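There are 2 protein chains.
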Amino acid sequence: MPKLCLRIAISLDGFVAGPDQSVDDPIGVGGMRLHEWVFPLAAWRSTHGLEGGEVNESTPIIEEALANSGATIMGRKMFGGPAGEWDLANPWNGWWGDDPPFHHPVFVLTHHPREPLVLKGGTTFTFVTDGIESALAQARNAAGEKNISLAGGASACAQYLAAGHVDEMTLNLVPILLGSGERLFNGVGTDLHGLKLVRTIAAPSVTHLTFRR
Amino acid sequence: MPKLCLRIAISLDGFVAGPDQSVDDPIGVGGMRLHEWVFPLAAWRSTHGLEGGEVNESTPIIEEALANSGATIMGRKMFGGPAGEWDLANPWNGWWGDDPPFHHPVFVLTHHPREPLVLKGGTTFTFVTDGIESALAQARNAAGEKNISLAGGASACAQYLAAGHVDEMTLNLVPILLGSGERLFNGVGTDLHGLKLVRTIAAPSVTHLTFRR
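Listed below in structure tokens is the structure:
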């Protein structure tokens with residue numbers, strides 16, 4: 018069965034997004050600092066049609082996420098930002114452009130029904146209004162022999178963690194403080210449902226902590 | 018000049034103590050789980066008069082803390098727990114027993130004046146009522162050629178971090194969730210005052226992250 022794999026960047030003080038998310042700051046004020054380690058990597062650049070880039074200790078983290086992911090689950094804000102409800106007469110296509118980097122089915126948790134959105138390169142966004150269990154079942158069907166990426170945001174991740182559905186978790190711990198914003202473990206409680214730390218990779222300006230059960 | 022070195026155990030969700038601190042749970046419910054990695058270590062056992070124990074990747078962390086520490090600063094609750102104000106007619110001597118493991122001067126941040134407490138083995142507790150700057154100045158005088166340990170709790174650490182006084186910080190990141198309790202970075206803001214991650218040590222059931230500036 019496909020594994021549900023949470024991979025997310027988190028600050029030293031526990032935030033996966035900064036405060037005051039907006040169209041100008043989709044990850045909140047300072048939130049982009051959580052992702053600066055990834056942009057120079059050749060493994061990331063190639064998925065965005067860019068040549069060159071670095072190879073370092075973080076490279077395997079990117080490669081294994083890309084190599085074995087057959088479906089993605091994300092929250093509504095991660096699809097379409099803080100704009101709230103979309104206008105069904107004139108819906109926009111989210112943050113990800115015409116050719117999103119997923120290249121597989123993406124399931125968006127939302128309370129707002131919408132027809133599936135088929136974009137270039139194999140990415141389809143399916144909007145799931147009947148909860149995390151339904152999205153997980155649909156993602157399992159879509160992933161086939163591969164795994165499912167739980168991409169964020171904080172609320173979606175916390176719900177799957179609290180329900181004990183996360184099979185693997187990689188925290189990309191960035192040694193900065195965001196001060197406020199959205200916490201990954203808010204409401205998760207004290208139970209990691211068997212997730213144990215199995216690998217620590219020290220990379221330039223980020224520490225990768227992988228948990229499996 | 019002596020460096021101020023913060024060394025503290027922290028959960029994956031950012032807590033350095035659990036909720037509901039009491040005489041029975043001085044580090045809060047579940048808080049002792051933050052320290053389980055340290056008790057089997059020979060380096061720790063020897064400071065408590067115990068023989069034997071393990072040597073592993075955490076050993077240098079304990080050794081360097083002990084080897085070069087000439088004074089300690091801590092908050093009142095870490096000295097004497099959540100009992101609140103002590104009875105000056107019949108003061109108790111805190112959590113640490115007649116022969117505390119410090120063996121050097123300890124400065125306790127408190128609002129409650131009290132005469133210094135001289136115990137066995139070279140540990141004296143001096144109660145500082147005029148703030149963190151005063152405690153730091155007194156600890157610098159006492160430490161001589163050695164460094165100063167900032168031992169906790171959360172509030173004392175946060176105040177020194179926010180003021181930019183911490184020269185070195187080792188977070189002993191324990192892969193558990195406490196769910197609630199006292200957060201290390203509460204109120205610290207977004208400024209690490211030049212503290213950069215310089216060393217990551219993966220040990221059994223704990224990851225040691227050392228920051229220096």
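Order-wise, the sequence lines are chains A and B. According to the numbering used here, numbering within the first sequence proceeds without interruption in unit steps and concludes at 230. According to the numbering used here, numbering within the second sequence proceeds without interruption in unit steps and concludes at 230. Where a beta carbon is used, it is the ideal one built from N, C-alpha and C, also for glycine. Note that the coordinates shown come from a computational prediction; the quantities given were computed from them, not determined experimentally.
Notebook entry, point to check: CB A/ASN189 to CB A/VAL215, shorter than 8 Å?
Noted result: By one-based count along the first sequence, residue 189 of chain A stands at place 172. By one-based count along the first sequence, residue 215 of chain A stands at place 198. Not a contact, by the Cβ cut-off of 8 Å.
Check: Since B/LEU21 contacts B/LEU226 with CB under 8 Å, what's their CB separation in whole angstroms?
Finding: On the second sequence, position 4 is the one that residue 21 of chain B refers to. On the second sequence, position 209 is the one that residue 226 of chain B refers to. Contact doesn't hold; Cβ gap of about 17 Å is too wide.
Margin query: My output table needs one value for B/LEU23: the three-state DSSP class, helix, strand or coil.
Written below: Within the second sequence, the letter at position 6 stands for residue 23 of chain B. Reduced to three states, the DSSP call for B/LEU23 is strand.
Check: Which term fits A/ASN164, buried or exposed, when burial requires 16 or more other beta carbons within 10 angstroms of its beta carbon?
Finding: In the first sequence, the residue the question calls residue 164 of chain A occupies position 147. A/ASN164 is buried by the Cβ-count criterion.
Next item on the list: Mind checking who B/PRO122 pairs with in its DSSP beta bridge?
Entry: One-based indexing of the second sequence puts residue 122 of chain B at position 105. Paired residue(s): B/THR141.
Next item on the list: Closer than 8 Å by C-beta to A/ASN85: which residues in its own chain qualify, once you throw out the five before and the five after it? Chain order, please.
Entry: Counting from one through the first sequence, the residue named residue 85 of chain A turns up at place 68. Cβ neighbours of A/ASN85 beyond the five flanking positions: LYS163, ASN164.
Next item on the list: Mind checking which residues open and close the beta strand (DSSP E) that includes A/SER166?
Entry: As a first step, residue 166 of chain A must be located in the first sequence, where it is residue number 149. Counting along the chain, the beta strand (DSSP E) containing A/SER166 begins and ends at 164-169.
Notebook entry, point to check: Any contact of the segment 197-215 of chain A with the segment 117-134 of chain A, i.e. 3+ C-beta pairs under 8 Å?
Noted result: no
Notebook entry, point to check: Going along chain B, which residues have a C-beta under 9 Å from A/THR140?
Noted result: If you number the first sequence from 1, residue 140 of chain A lands on position 123. Neighbours of A/THR140 on chain B: none; closest Cβ ~32 Å, over 9 Å.
Checklist line | Collapsed DSSP secondary structure at A/THR227 in the structure displayed | finding: Taking the first residue of the first sequence as position 1, residue 227 of chain A is located at position 210. Three-state result, A/THR227: strand.
Note to self: Going by the DSSP bridge assignment, what does A/ASN189 pair with across the sheet?
What the structure shows: The residue given as residue 189 of chain A occupies position 172 in the first sequence. According to DSSP, which records beta bridges pairwise, A/ASN189 is partnered with A/ALA26, A/HIS225.
Notebook entry, point to check: According to DSSP, is B/SER151 helix, strand or coil?
Noted result: On the second sequence, residue 151 of chain B is found 134 positions in, with the first residue counted as 1. Looking at B/SER151 - three-state DSSP - the assignment turns out to be helix.
Next item on the list: Please look up how many angstroms separate the CB atoms of A/GLY35 and A/LEU194, rounded, as I've assumed it's under 8 Å.
Entry: As a first step, residue 35 of chain A must be located in the first sequence, where it is residue number 18. As a first step, residue 194 of chain A must be located in the first sequence, where it is residue number 177. A/GLY35 to A/LEU194, Cβ: 10 Å. No contact.
Margin query: 8 Å is my cut-off, CB to CB: does A/ALA219 come that close to chain B?
Written below: Position 202 of the first sequence, counted from the first residue, corresponds to residue 219 of chain A. So yes, A/ALA219 belongs to the interface.
Next item on the list: Could you tell me which residues DSSP puts in a beta bridge with B/VAL33?
Entry: One-based indexing of the second sequence puts residue 33 of chain B at position 16. Note: B/VAL33 sits in no beta bridge, so no partner.
Check: Which residues of chain A have a Cβ atom closer than 8 Å to the Cβ of B/GLY161, listed in chain order?
Finding: By one-based count along the second sequence, residue 161 of chain B stands at place 144. Simply none; closest approach about 31 Å.
Note to self: Please report the straight-line C-alpha distance between A/ALA175 and A/ALA26, rounded to a whole angstrom.
What the structure shows: As a first step, residue 175 of chain A is located in the first sequence; it is residue number 158 there, counting from the start. As a first step, residue 26 of chain A is located in the first sequence; it is residue number 9 there, counting from the start. Those two C-alpha atoms are separated by around 14 Å.
Next item on the list: Using a Cβ-Cβ cut-off of less than 7 Å, list which residues of the segment 194-207 of chain B approach chain A; keep chain order.
Entry: LEU194, LEU195, GLY196, PHE202, VAL205, GLY206, THR207
Notebook entry, point to check: For A/ARG157, which residues of its own chain have a beta-carbon under 6 Å away from its beta-carbon, when the five flanking residues on both sides are left out?
Noted result: To locate residue 157 of chain A, count along the first sequence from 1; it is residue 140. Cβ within range, chain order: PRO19.
Checklist line | Cβ shell of B/ASP184 (< 6 Å), same chain only, five flanking positions each side left out | finding: The residue you call residue 184 of chain B lines up with position 167 of the second sequence. Hits under 6 Å: LYS20, LEU21.
Next item on the list: Give the secondary structure of B/ALA173 by DSSP, where H, G and I count as helix, E and B as strand, and everything else as coil.
Entry: Start at 1 with the first residue of the second sequence, and residue 173 of chain B comes out as number 156. Note: B/ALA173 maps to helix in three-state DSSP.
Margin query: To be precise: take each residue of the segment 163-183 of chain A, compare its Cβ to all Cβ atoms of chain B, and keep it if any distance is under 7 Å. Which residues remain?
Written below: none
Margin query: Run through chain A and tell me which residues come within less than 7 Å of B/GLY31, C-beta to C-beta.
Written below: For the purposes of this step, residue 31 of chain B is taken as residue 14 along the second sequence, with counting starting at 1. The answer, in chain order, is ASP30, GLY31.
Next item on the list: Report the residue ranges of all alpha helix (DSSP H) runs contained in full by the segment 49-83 of chain B; include only those spanning at least 4 residues, in chain order.
Entry: 59-62
Note to self: Checking 8 Å against the spacing of the C-beta atoms, do B/HIS121 and B/ALA88 come in under that value?
What the structure shows: Position 104 of the second sequence, counted from the start, is the residue given in the question as residue 121 of chain B. Position 71 of the second sequence, counted from the start, is the residue given in the question as residue 88 of chain B. Against a cut-off of 8 Å, the Cβ pair of B/ALA88 and B/HIS121 comes out as a contact.
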